[in-house]
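Here the structure comes first, spelled out in structure tokens, and everything after it is commentary.
Structure follows, in structure tokens:
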């Protein structure tokens, strides 16, 4: 996941409510690090431990659409991580193509 990736938010209580947004930021640590009683892992313990990283999402909707969100409301958030894969390479290729003077239709 990266900052700026598109997000779809489906509100469970309202079947048709779907909001759009973008990943705004990440917490500097997992939820376990900041809990009152963090899990203790002994050396040599190779058990996978689920860790949750708090993510801040900026909602791209007007105030009239945000009324559906309330504290404690269950939502399902989907982050589009596929569209961002290789974007750096595509930008680099496009920049090099433009430097060579090629137009959009020629390759």
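Residue numbers (the numbering used here): 28 to 134. Note that beta-carbon positions come from the ideal geometry of N, C-alpha and C, so glycine has one too. Just so you know, these numbers come straight off a predicted model, no measurement behind them.
In the DSSP assignment, residue 29 falls outside any beta strand (DSSP E) and carries neither an H nor an E. For residue 87, there is no enclosing beta strand (DSSP E), as DSSP marks it with neither H nor E. In the three-state reduction of the DSSP assignment, residue 108 falls in the coil class, being assigned neither a helical nor a strand state. Relative to the Cα of residue 35, the nearest Cα in the group 102, 41, 42, 46 belongs to 46.
Taken through DSSP and simplified to helix, strand or coil, residue 100 comes out as coil.
Looking at the backbone, the Cα of residue 104 and that of residue 118 are separated by about 28 Å.
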